[in-house]
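Protein chains in written order, with my numbering: chain A, 8 to 121; chain B, 294 to 404.
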Amino acid sequence: ETGVTQSPTHLIKTRGQQVTLRCSSQSGHNTVSWYQQALGQGPQFIFQYYREEENGRGNFPPRFSGLQFPNYSSELNVNALELDDSALYLCASSLGGGRDQPQHFGDGTRLSIL
Amino acid sequence: QQQVKQSPQSLIVQKGGISIINCAYENTAFDYFPWYQQFPGKGPALLIAIRPDVSEKKEGRFTISFNKSAKQFSLHIMDSQPGDSATYFCAATNQGGKLIFGQGTELSVKP
């Protein structure tokens, strides 16, 4: 069974640029959630995708957007990057969008904004 | 009301001792409470989870105690080992699967 994989592992961008992060869900999982983890903090929910549709969104501005593909992999896009966007971006997959389906995390993409 | 408050922020325990981490929540709609373990450079890994209709759940050396009336839950790590040194996060969610995380506890187990 293949776990959640994310790419790239590290990325350096400058303010105002755009970035795309990628996530492959665990085999058999149809739901992907994205989280932002600032240094020394707990992860913050960005949004969730279930069967290619957005299924809930956290308190993040519209410049954070996402996609889920028919194979359930997902992308997180961030436009007009700001210094505060520097963080670890985590993807988690689960089976179904329900509350008691365990979410399994990848190791994240470390994004640094200069 | 969406917050989950976690304490302590850091914890030092001797090898073989019991590590205890506490969390409190306000939203009574939360109905699933997982604990995650995170090592440096890695993503959070699910350790154990509980639903509010159960007061305790044990898996190996890890136990969750749940107090629904007090809106509190805790993680106990028995016989703590140096390999348990990591950051631990409690979390809560209701229908929809959006996880609300606590601030994390950095556990250090001394040999």
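Built from N, CA and C at the ideal position, the CB exists for glycine as well.
Being a predicted model, the structure only gives us computed values, none of them experimental.
- DSSP, reduced to helix, strand and coil, places residue 63 (chain A) within a strand of the structure shown.
- Burial check for residue 112 (chain A): the Cβ neighbour count within 10 Å reaches 16 or more, so the residue is buried.
- Here residue 23 (chain A) is exposed: its Cβ has fewer than 16 other Cβ atoms, across all protein chains shown, within 10 Å.
- Close CB contacts of residue 395 (chain B) within its chain, under the 6 Å cut and outside five residues either way in sequence, are with 297, 299, 316, 382 and 383 (chain order).
- Taking all protein chains in view, the Cβ of residue 347 (chain B) is surrounded by fewer than 16 other Cβ atoms within 10 Å, so the residue is classified as exposed.
- For residue 32 (chain A) against residue 79 (chain A), the beta-carbon gap comes to about 5 Å, under 8 Å, which counts as contact.
- Contiguous beta strand (DSSP E) elements confined to the region 35-111 of chain A occur at 38-44, 51-57, 60-64, 71-75, 81-85 and 94-101, taking only those with 3 or more residues.
- About 26 Å separates the CB atoms of residue 330 (chain B) and residue 322 (chain B); that is not less than 8 Å, and the two are not in contact.
- When B:357, B:372, B:397 and B:306 are compared, the shortest CA-CA separation from residue 325 (chain B) is found for B:357.
- Relative to residue 344 (chain B), the option among A:117, A:108 and A:30 whose CA is nearest is A:108.
- Around residue 111 (chain A), the beta-carbon contacts reaching into chain B at under 7 Å are 339.
- Chain A places a beta carbon closer than 9 Å to that of residue 396 (chain B), counting this residue as a contact.
- Residues of the region 61-92 of chain A with a Cβ closer than 8 Å to any Cβ of chain B, in chain order: 62, 63 and 65.
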